[in-house]
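Numbering (my numbering), first residue to last: -8 to 269.
Input: a single structure, listed below in structure tokens.
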């Protein structure tokens, strides 16, 4: 339940802004049957809330809302595993658009590089999987392991290292953070937060000054400037999730993802990530 009094809300936000890591109420138990439409949306930051002046304050405030009201503790408790299903539209270099159904399986680890992630993709002409395990990427096709093309591996890796999870888990990943100021775009004001992980992957996050949601991120790779925007935010099992994202390479749309369902806390088979991994 959201806080009804402005004074109480401001006090709660102050706790998040001051980055008190011990702040956490008993997180709501994961409920796979919960639907995003039944969960309330966060209230915008009220006037008179504490002034945010550092990158850590922006990050900790955002984490507070993404796992409202327990913040990091809620995220860690509920998102132990993830099962996500949806559709993706991929635009090839020649302009051809392919649509695929996908499933994403995740077993959470203490840091993002140690995460176990499997992406199953079903295109009209092919079905294969990409697996991230122990910071290595390999593919599975017709029960056989293969080495993916370099561009496919890089695209998959970028989905992981340039992501909202990298933002939410900056502290666990021991990433460098910097507040690069504020910027107003199309009437919306953002905090600009630069995060550089231990592998030197750098991402700029555009965080709404009002809601502390990540609305966009940008990064560069191979001389190409990428921009991913997030839409259709809602709560799933007490944690905030964007249900749609669009990725641009320079000024061209190359990927659109629509999340159909997402469930946290269900059992995920370890064998999905270790099949003939060698």
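Yeah, the Cβ is synthetic: ideal placement off N, Cα and C, and Gly gets one too.
Should residue i be labelled buried (16 or more other beta-carbon atoms within 10 Å of its own) or exposed?
i           : result
residue 229 : buried
residue 222 : exposed
residue 190 : exposed
residue 172 : exposed
residue 52  : buried
residue 115 : exposed
residue 132 : exposed
residue 188 : buried
residue 157 : buried
residue 174 : exposed
residue 123 : buried
residue 87  : exposed
residue 264 : buried
residue 138 : exposed
residue 4   : A caution first: residue 4 carries a pLDDT of 42, below 50, which makes its placement in the model unreliable, though a value can still be read off. Buried is the call here.
Would you kindly work out how many angstroms separate the C-alpha atoms of residue i and residue j, rounded to a whole number?
i           : j           : result
residue 102 : residue 163 : 6 Å
residue 140 : residue 43  : 43 Å
residue 45  : residue 170 : 6 Å
residue 112 : residue 214 : 27 Å
residue 254 : residue 216 : 32 Å
residue 119 : residue 146 : 15 Å
residue 192 : residue 69  : 27 Å
residue 200 : residue 194 : 18 Å
residue 237 : residue 165 : 28 Å
residue 149 : residue 142 : 10 Å
residue 96  : residue 252 : 12 Å
residue 144 : residue 50  : 29 Å
residue 57  : residue 226 : 8 Å
residue 242 : residue 220 : 13 Å
residue 151 : residue 235 : 16 Å
residue 209 : residue 91  : 24 Å
residue 85  : residue 239 : 15 Å
residue 100 : residue 64  : 14 Å
residue 183 : residue 135 : 43 Å
residue 98  : residue 73  : 7 Å
residue 186 : residue 197 : 11 Å
residue 160 : residue 94  : 23 Å
residue 62  : residue 89  : 37 Å
residue 47  : residue 232 : 21 Å
residue 211 : residue 218 : 9 Å
residue 59  : residue 117 : 40 Å
residue 121 : residue 155 : 20 Å
residue 54  : residue 77  : 25 Å
Determine the extent of the beta strand (DSSP E) in which residue i is found, giving its start and end residues.
i           : result
residue 144 : Per DSSP, residue 144 belongs to no beta strand (DSSP E); it is in the alpha helix (DSSP H), 141 to 152.
residue 247 : 243 to 255
residue 221 : 215 to 227
residue 270 : The requested residue 270 is not part of the displayed model; the chain covers only -8 to 269.
residue 180 : 179 to 187
residue 196 : 193 to 199
residue 232 : 230 to 240
residue 209 : 205 to 212
I'd like the span of the alpha helix (DSSP H) that includes residue i, first residue to last.
i           : result
residue 49  : 46 to 57
residue 262 : 262 to 265
residue 156 : 155 to 159
Cβ of residue i versus every heavy atom of the ligand SAH: is any distance shorter than 7 Å?
i           : result
residue 247 : In the structure shown, the ligand SAH is absent, as is every other ligand, since no ligand is present at all.
- Query: Is there contact between the region 251 to 265 and the region 96 to 112, where contact requires at least three CB pairs shorter than 8 Å?
  - Reply: yes
- Which residue spans inside the region 61 to 135 form an unbroken alpha helix (DSSP H) run of at least 4? 63 to 69
- Message: Within 8 Å, do at least three Cβ pairs link the region 76 to 95 to the region 240 to 248?
- Response: yes
- Hey, is the region 195 to 215 in contact with the region 125 to 136, meaning 3+ C-beta pairs nearer than 8 Å? no
- Decide yes or no for the touch test of the region 54 to 68 against the region 179 to 186: beta carbon pairs closer than 8 Å, at least 3 of them. no
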